[in-house]
Amino acid sequence: MINVSKLKKGIVIDHISPGQGCKIFQALGLDQLRDDAVVLMCNVDSTKMGKKDLIKIETDLDLNLDVLGLMGPGITVNYIEEGQRVKKIHLQLPQKVQGILQCKNPRCISTVEKVGPITFTLVDPEKREYACEYCESRTTL
Amino acid sequence: MLKGRNLIAPNDFTVEELLEVLELAGDVFRNPQNYLDVCKGKLLASLFYEPSTRTKNSFDSAMLRLGGQVIGFSDPQTTSTTKGESLADSAKVVSQYADVIAVRHPKEGAAYLMSKYADCPVINAGDGGHQHPTQTLTDLLTIQQRLGRLNDLVIGVCGDLLFGRTIHSLVSCMSRFENIRFLFISPEELKMPEYIKDDLTRKGVPFTEMRDLAQAIPQVDVLYMSRVQQERFVDVDEYLRLRDCYILDRAKLEAAKENMIVMHPLPRVNEIAVDVDADPRAAYFDQVKFGMYVRMALIMKLLGLR
């Protein structure tokens, strides 16, 4: 068992499905951090999930919670100060997202015109499907 | 209040708003002389980025019959698009001199994009395989005028239910009225998409899928025909086997109710035999006429003139 010491100040992204940690690490741009310590732990034992991935960040970043909610609706985000958890957020699928998804419909106007960031609206939570604001075609992450 | 609004998809309007447009369209149909100058001094820009003579003529006729005038094009090669102007800029520019825009474009979502930038109401006259709301309004007016109601109907839709944009919009829109039941008549390859059936199930609107047109005919109040295209089939033999099943002729119509109607968005190829045209239940040429009246009503409503 590898031990990573408790955070004094920072963020713990917990309950990530095993195998998703690396993708989330990249999606949040954590691989771009230069000064702050970040730890990605994979396949950690979990009483709730069996195995899970986990990310610890030793700084108070402004995380894009829409990205996290989209990638793993069961994820929790814990904010730590002076070694204590001061806030816990249970993530859900966001109702609207912008700048994360892309329309995959080749007939959509967004494929030929500059339309700026497209807003996608959640239309089927079970299938995690979102509809493009232009052509209404459904897409997933 | 419809003044200043856009119409991009049929469901942009509430049922009450749809009925408001249909009521005005019905009055235009009965008393066209009362509307000759309503749009005097107003300008419609009909921007057709792909050819559609029928829809363009319908919009243009609607504005001209209201005493307004029309600018626009039916060939994008003659416009600034060829110089690289964006659709957003075109919308902004045209809306500086037009009072209302009707746009047809091959790409899905194009009308919505223009509506975000135009300074006047935008009407979607068809955006690829996506939406064609004025066709839906046309269909609603036809049903209402011919049958006297939009509730308590058994509606059969027949043919290409997979790719039929007109049919998808009609089903989605009619499912908002009371006591509607649908019969979906198509070959296996061209069945109604799952997301439309899921939507009906969520709303509690009953529907039955069937292969045989003849079986459906005695039940329907409205029979909406569409073309079964050979190119949709992987197996040509299968197409040849099924083709005739989806052709309506006078003999098949014998079993239909006396007061039902047959509709078709036109143009037809061979899916309705010419011998049906003389039958009083044939409503597809009325649809063309009602299309113009409903566009007249829509233009007046969006401009706040009625």
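If you read the sequences in order, they're chains A and B. Residues 23 to 163 (this note's numbering) are what the first sequence spells out, left to right. Residues 77 to 382 (this note's numbering) are what the second sequence spells out, left to right. Ideal Cβ placement from N, Cα and C applies to all residues, glycine included.
C-alpha distance - residue i paired with residue j, whole-angstrom precision
{"i": "residue 361 (chain B)", "j": "residue 267 (chain B)", "result": "27 Å"}
{"i": "residue 139 (chain B)", "j": "residue 120 (chain B)", "result": "7 Å"}
{"i": "residue 303 (chain B)", "j": "residue 218 (chain B)", "result": "20 Å"}
{"i": "residue 203 (chain B)", "j": "residue 89 (chain A)", "result": "31 Å"}
{"i": "residue 33 (chain A)", "j": "residue 70 (chain A)", "result": "20 Å"}
{"i": "residue 196 (chain B)", "j": "residue 374 (chain B)", "result": "14 Å"}
{"i": "residue 345 (chain B)", "j": "residue 121 (chain A)", "result": "45 Å"}
{"i": "residue 99 (chain A)", "j": "residue 31 (chain A)", "result": "13 Å"}
{"i": "residue 286 (chain B)", "j": "residue 260 (chain B)", "result": "6 Å"}
{"i": "residue 132 (chain B)", "j": "residue 124 (chain B)", "result": "7 Å"}
{"i": "residue 250 (chain B)", "j": "residue 226 (chain B)", "result": "8 Å"}
{"i": "residue 179 (chain B)", "j": "residue 306 (chain B)", "result": "30 Å"}
{"i": "residue 364 (chain B)", "j": "residue 277 (chain B)", "result": "32 Å"}
{"i": "residue 118 (chain B)", "j": "residue 45 (chain A)", "result": "56 Å"}
{"i": "residue 97 (chain B)", "j": "residue 84 (chain B)", "result": "15 Å"}
Local conformation of residue i per DSSP, three classes
{"i": "residue 131 (chain B)", "result": "helix"}
{"i": "residue 100 (chain A)", "result": "strand"}
{"i": "residue 117 (chain A)", "result": "coil"}
{"i": "residue 219 (chain B)", "result": "helix"}
{"i": "residue 162 (chain A)", "result": "coil"}
{"i": "residue 321 (chain B)", "result": "helix"}
{"i": "residue 268 (chain B)", "result": "coil"}
Minimum Cβ-Cβ distance from residue i to chain B less than 8 Å
{"i": "residue 129 (chain A)", "result": "yes"}
{"i": "residue 134 (chain A)", "result": "yes"}
{"i": "residue 148 (chain A)", "result": "no"}
{"i": "residue 157 (chain A)", "result": "yes"}
{"i": "residue 34 (chain A)", "result": "no"}
{"i": "residue 119 (chain A)", "result": "no"}
{"i": "residue 108 (chain A)", "result": "no"}
{"i": "residue 99 (chain A)", "result": "no"}
{"i": "residue 137 (chain A)", "result": "yes"}
Contact with chain A by residue i, beta-carbon distance below 8 Å
{"i": "residue 237 (chain B)", "result": "no"}
{"i": "residue 163 (chain B)", "result": "yes"}
{"i": "residue 183 (chain B)", "result": "yes"}
Residue(s) in a DSSP beta bridge with residue i
{"i": "residue 68 (chain A)", "result": "A:72"}
{"i": "residue 79 (chain A)", "result": "A:33 and A:60"}
{"i": "residue 123 (chain B)", "result": "B:149 and B:179"}
{"i": "residue 18 (chain A)", "result": "The structure shown has nothing for residue 18 (chain A), since chain A only spans 23 to 163."}
{"i": "residue 232 (chain B)", "result": "B:259 and B:299"}
{"i": "residue 203 (chain B)", "result": "B:181"}
Residue i Cβ short of 7 Å to the ligand HEM heavy atom set
{"i": "residue 376 (chain B)", "result": "In the structure on display, the ligand HEM does not appear, and there are no ligands present to speak of."}
>> What are the residues in the region 187-217 of chain B lying within 7 Å of chain A by C-beta distance?
In response: Answer set for the region 187-217 of chain B: 188, 189, 204, 205 and 206.
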